[in-house]
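First up is the structure itself, then whatever we jot down about it.
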Amino acid sequence: MQNATGQILMHAVGVAISPLAIIAVILILAGPHGRKNALAFALGWVTAVTAGLLALVVIGEEAGAHRDGHPASWIPWFRVVFGVLILLMALRQLRIHNALETGGELPPRLRALDEFTPGRCVALGAVLALSNPKNITQIAVGGVTVAEGSAGSLARTLAVVVFIVIASLCILIPLGVHYFGGSRAHGTLERWKEWTVRNHAGIMAMLLTLLGVKTFGDGLSGLL
26 MQNATGQILM
36 HAVGVAISPL
46 AIIAVILILA
56 GPHGRKNALA
66 FALGWVTAVT
76 AGLLALVVIG
86 EEAGAHRDGH
96 PASWIPWFRV
106 VFGVLILLMA
116 LRQLRIHNAL
126 ETGGELPPRL
136 RALDEFTPGR
146 CVALGAVLAL
156 SNPKNITQIA
166 VGGVTVAEGS
176 AGSLARTLAV
186 VVFIVIASLC
196 ILIPLGVHYF
206 GGSRAHGTLE
216 RWKEWTVRNH
226 AGIMAMLLTL
236 LGVKTFGDGL
246 SGLL
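For reference, each letter of the sequence shown is one residue, going 26 to 249 in the numbering used here.
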């Protein structure tokens with residue numbers, strides 16, 4: 026149980042470090058219906074991450090990720106392939122200079138968030154969670170990691186819950202600051218948003234490199 030939970034921590038952190046989600050929730054909190062819409066956004070994010078992770082756990086189980094007390098032989102190759110994909114994403118990130126990185130306008134889906142209804146905020150949270158290739162790869166690896174572990178329901182439930190909570194910290198922490206930060210909350214969140222916008226490219230390139238190396242290394246060690 027501890028092994029499966031420990032192995033997925035890095036992948037959950039990989040989902041949690043999502044600059045667009047951080048910027049979006051801070052912008053939503055600054056709107057006229059900030060709290061209600063931010064909670065709706067969080068609901069969409071958590072629901073999407075949960076659905077994606079559970080789907081990959083089921084797929085991993087159906088593919089026989091855990092057989093005769095040992096991980097299936099395809100698991101290391103799965104990690105090697107995904108490690109290479111993540112490293113390619115890191116290289117691509119170094120070459121891309123989008124609007125956020127150059128200090129330009131926000132992407133269209135993050136504009137006019139103060140006009141969003143709770144329903145649209147739920148949808149936005151789900152879209153940001155599952156439209157990011159980085160998140161998809163981390164949820165996929167996390168789901169297969171859970172599936173290859175012990176078949177005990179308690180172990181898998183704990184691993185899934187830990188993954189979802191950590192993967193949602195990018196939403197939960199700004200919400201916590203807003204609710205409990207008092208008079209300083211607005212200034213703190215605004216500084217976080219500005220810092221994230223300025224350093225978006227560097228954050229993603231470094232994160233993807235670390236995730237790619239870890240995933241590739243885990244797969245390689247399973248082959249040796």
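Backbone N, C-alpha and C fix where the C-beta goes; we use that ideal spot for every residue, glycine too.
The closest CA to that of L68, considering only G150, A37 and W99, is found on G150.
If you draw a straight line from the Cα of V152 to the Cα of W70, it comes to about 8 Å. In its chain, beyond the 5 residues on either side, no residue has a beta carbon closer than 8 Å to the beta carbon of V186.
The region 141-150 and the region 103-110 do not touch, with fewer than three beta-carbon pairs separated by less than 8 Å. By the Cβ test, the region 31-38 is in contact with the region 163-179, since at least three Cβ pairs between them sit closer than 8 Å.
Within a 10 Å sphere around the beta-carbon of F205 sit fewer than 16 other beta-carbons, which makes this residue exposed. G108 carries a helical assignment under DSSP once its states are collapsed to helix, strand and coil. Straight-line spacing of the CA atoms in G247 and V190 works out to 28 Å.
Within 10 angstroms of the beta-carbon of T142 lie fewer than 16 other beta-carbons, which makes it exposed.
With respect to the 8 Å criterion, I164 and G77 are classified as neighbours on the basis of their beta carbons.
The beta carbon of L233 lies closer than 8 Å to those of I111, L112, M114, A115, Q118 and K159 in the same chain, with the five residues before and after it left out.
Between the beta-carbon of V40 and that of V74 there is about 7 Å, and that keeps the pair under the 8 Å contact cut.
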